[in-house]
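For reference, the structure discussed in these notes is given below.
Numbering (UniProt numbering), first residue to last: 1 to 320.
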């Protein structure tokens, strides 16, 4: 990219801070690392600094445009219409002849795939809170008739909270679309693809809920419910279409029946009887587990604040 390119365009979702966004864009598009850079722009006028630190800590994503113009425009249009705390925000975007640069809200804890790889599995409390987070995001987009179509751990970004708890944000709307009638395009990631996609009977937003069921299964035991030998994709697809769910011992022995019941409800092969995102959000197990985790985080934060206040008081006494 050449900074002198006359045909490039920069857009921002925050009109009141257009100049500051443009400043950050300039640094983002001249970064030539193979890894998406992280930014915290502090070179702003005094009246912008606090807002800049809050809003401009970000990821920059560089995507080739050639052959993908329609997909990119679709993704930008969808992202620009979304505003939800459980969805990663698009802050600004920039176009050249050959590339598009998306400047996204920075969620610095990596993605859920990395967290699973590191920890193996999660207790029911944390799993329930993460399902609650994803269900919130899905319910929001489904109410707008948007289907994500590529829900997987790699597209769920992690924000680390008090007490070691992970909160999730939904990202990457490259395959998302507005659905007004059944869709027949086969797409997605094999492990998380719903049976109605493979059967080519037409699908809608329920495919995202199936993927959430796969993710919950993995969170609780550390591996997916449908696995083929020697990574045979055709065998995997047959297992998914059959939809025979097993809770293998000893991995599932400590898992509650309530959690198993939710997994079954999310992984119903028939999308018409599968739970919706809203029903998942209101499921008793999800509500109970999320409540426990939120209370734990609140207690941890309160204890830290109390300790910090005590330290300040001691320091003030020493000064006197």
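All residues carry an ideal CB built from backbone N, CA and C; glycine is no exception.
With residue i and residue j assumed to form a contact (beta carbons below 8 Å), what rounded beta-carbon distance in angstroms separates them?
i, j, result
"residue 192", "residue 152", "5 Å"
"residue 274", "residue 206", "5 Å"
"residue 198", "residue 121", "27 Å between Cβ atoms; not a contact."
"residue 166", "residue 115", "6 Å"
Determine the closest residue to residue i out of the options, with distance taken between C-alpha atoms.
i, options, result
"residue 200", "237, 209, 292 and 214", "237"
"residue 294", "138, 245 and 164", "164"
"residue 158", "149, 171 and 146", "171"
"residue 162", "269, 126 and 89", "126"
"residue 265", "88, 283 and 231", "283"
"residue 202", "70, 180 and 298", "180"
"residue 248", "222, 173, 130 and 137", "222"
"residue 209", "137, 285, 78 and 84", "137"
"residue 262", "233, 213 and 132", "213"
Could you check where the beta strand (DSSP E) with residue i kicks off and where it finishes?
i, result
"residue 387", "Residue coverage of the chain in this structure runs from 1 to 320, which leaves residue 387 outside it and unanswerable."
"residue 260", "Where residue 260 is concerned, there is no enclosing beta strand (DSSP E), although the alpha helix (DSSP H) it sits in stretches over 257 to 266."
"residue 104", "99 to 105"
"residue 281", "Premise fails: residue 281 lies in the alpha helix (DSSP H), 277 to 281, not in any beta strand (DSSP E)."
"residue 94", "90 to 95"
"residue 158", "156 to 160"
"residue 166", "166 to 170"
Can you tell me where the alpha helix (DSSP H) with residue i in it begins and where it stops?
i, result
"residue 234", "233 to 242"
"residue 200", "No alpha helix (DSSP H) holds residue 200; DSSP gives it neither H nor E."
"residue 79", "69 to 80"
Any idea if residue i is buried or exposed, counting beta-carbon neighbours within 10 angstroms, 16 or more meaning buried?
i, result
"residue 240", "buried"
"residue 128", "buried"
"residue 287", "exposed"
"residue 135", "buried"
"residue 280", "buried"
"residue 75", "buried"
"residue 101", "buried"
"residue 141", "buried"
"residue 144", "exposed"
Strictly under 9 Å for the Cβ-Cβ distance: is residue i near chain C by that measure?
i, result
"residue 237", "Any reference to chain C falls outside this structure, which holds one protein chain only."
* Check whether the segment 103 to 110 touches the segment 275 to 292, taking contact to mean three or more Cβ pairs, one atom from each stretch, closer than 8 Å. => no
* Asked: At a cut of 8 Å, does the segment 249 to 265 reach the segment 90 to 104 through at least three beta carbon pairs?
  -> These segments do not touch.
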